[in-house]
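Each residue of the sequence shown is one higher than the one before, counting from 59 in my numbering.
Please read the structure below before turning to the comments.
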Amino acid sequence: MPDDAPVTMATRSAFSSLLMCAPRFAGYGGACYSTQRDAMTAAPPHRNRTMRVLNRVGPVLAPRWPSLDPDNIVRAAARAAKSDHFGDESFRDALPVLFDAVAREADLTWLGRVMCRQSLLGFLQNRFSIYRHRAAHPEVAGVPIERPLFIVGFPRTGTTILFNLLAQDPANRVPLGWEVQFPDPPPQSATFATDPRIAKGRTYFGHMDTMAPSLASIHEVGADLPQECMPILAQSMLGPQFNVTFNVPSYQVWTDEQSDAPAYTYHRHFLEHLQSKHMKDRWVLKSPVHLRSLDALLTEYPDARIMFTHRDPAKTVPSLASLIYVIRGLASDSVDPHALGQQQLQWWADSLDAAMAAREKHSEKSDQFMDIQFDEVVADPVAALGRAYERFDIPWSADIEGRMRSFLVNNPRGKHGAHRYEIEDFGMSLGQIRKRFEGYCSTYGIPLAL
């Protein structure tokens, strides 16, 4: 296979879906473990037979592939997209930093290198396709995105159920898995429910059911399900995606020093592309990584309405670490759970500090925020959303409530099994978590579960 081979459907389905159909942070890889407990105790992480075979035969059959050369990847993506329109070229600055970190720090298997290359090809191909369309159809930029509704907060704080319930409101436009994965050409209202990319997306996401049978216990994803913002932000090459998928601490330091503005400008361009032929009353969007970038988000979307979910960090941070341990274990045999735990503890604590600082900076926008405790979501998520609709002056009706409650009946909590983890598995202690998040818990009155 040539180093600059374009992104074929077969290649993307076989390799890139392992990375991009992620749980929790959509765009990351999922678990290939028989149980969650196996995922956290196996060393090196257990992989299914397909992955073991690929790592054995890949270096023999394709010893010079895949190339992780930035220029090579940009050329291949541009050729696949049939585009020489790249948008803001700041994304180029990130590529050599990322690949240097991958080479020095990530310790990837052969399949891990394939996953890295193919995911980047997919992200850049989407980016270049969108800017090709935007150049040919400048009217795409003429329709503003007004008062979008964002859900932010740690994973495991109720964000997913709120997102899924909001998708039941016919007036809400949520990005679906298939259109985020295959955004060009823009989906059209007349064929939105029958677009052939839906079947393509089902095949694509379906690989995770085979490769990652325990994935749904962490977070269910699919072509027809709401998709988070992570794979959109990743197309700027400045989002946190690769910091989670691979152990690349130097790249994380570099991205933390960069402006988030280009990532959120691209985010808006992506939404403008999707809505250009299929609009609704409002966008509803979600990602935990928005916490770290609330300042950039509010600059790009000054009238955004933000639902900020809260839960005891002792229940969320170890869960995040267990997820990321699973993700990194897909691509590397050298995943240190204790080092990973400390990385995630610091990164997410810094993210909350950034979110609190952004709220203070934009204090005049306090009426655009609503804080929701996890206990409220557990007690009655539909009622919590009813209060949010009232706060943000969004029309509420018996029909909307009925649709949401029907979804709850058909999708009970724990439908796909439990996600099990222990704080000690990742080198953390309850006291350490309590100390680092003391200010956050005090500011928002977080009930402590442990």
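Note that the Cβ used here is the ideal one computed from N, Cα and C, for glycine as well.
Since the structure is predicted, the reported quantities are computational estimates derived from the model, not experimental observations.
Straight-line spacing of the CA atoms in R255 and H265 works out to 16 Å.
Remark: C-beta atoms of D370 and L506 approach each other more closely than 9 Å. DSSP, read as helix, strand or coil, puts S334 in coil.
Shown here for A321: same chain residues with a beta carbon closer than 8 Å to its own, the five before and five after excluded, namely L291, S294, L296, G297, S351, A354 in chain order. For H368, the beta-bridge partners assigned by DSSP are Q431. Three or more Cβ pairs closer than 8 Å define a contact, and the region 377-391 falls short of that threshold against the region 235-254. Looking at the DSSP output, K344 shares a beta bridge with I209. If only complete runs of 4 or more residues are kept, the region 213-292 shows the alpha helix (DSSP H) at 217-224, 235-239, 254-269, 288-291, in order along the chain. The secondary-structure analysis by DSSP pairs S390 across a beta bridge with L166.
Across the structure, Y324 and G444 are spaced so that their CA atoms are roughly 31 Å apart. Shown here, R445 sits in a helix according to DSSP, grouped into three states.
Within the DSSP secondary-structure output, R363 pairs in a beta bridge with L207. The C-beta separation of A139 from V306 comes to about 25 Å, leaving the pair out of contact by the 8 Å criterion. Counting other Cβ atoms within 10 Å of its Cβ, P202 stays below 16 and is therefore classed as exposed.
Here V375 carries a helix assignment [DSSP, helix/strand/coil]. The Cβ atoms of R340 and L207 sit closer than 9 Å to each other. Counted as a single uninterrupted DSSP element, the alpha helix (DSSP H) harbouring I131 occupies residues 128-139. Contact between F212 and P346 holds, with the beta-carbon distance rounding to 6 Å and staying under 8 Å. Secondary structure note for G497: its alpha helix (DSSP H) is the uninterrupted segment 496-502. Under the DSSP assignment, Q404 falls in the alpha helix (DSSP H) whose first and last residues are 395-419. In the structure shown, E358 adopts helical secondary structure according to DSSP, grouped into three states. Annotated three-state conformation of I452 is coil, per DSSP.
Looking at the backbone, the Cα of Q333 and that of I219 are separated by about 24 Å. Rounded to whole angstroms, the separation of the alpha carbons of I385 and V302 is 8 Å. If you compare the alpha carbons of L166, D227, V279 with that of S464, the shortest gap goes to D227.
For the 9 Å CB-CB criterion, A413 and L349 form a contact. Between I209 and K344, the gap from beta carbon to beta carbon is short of 9 Å.
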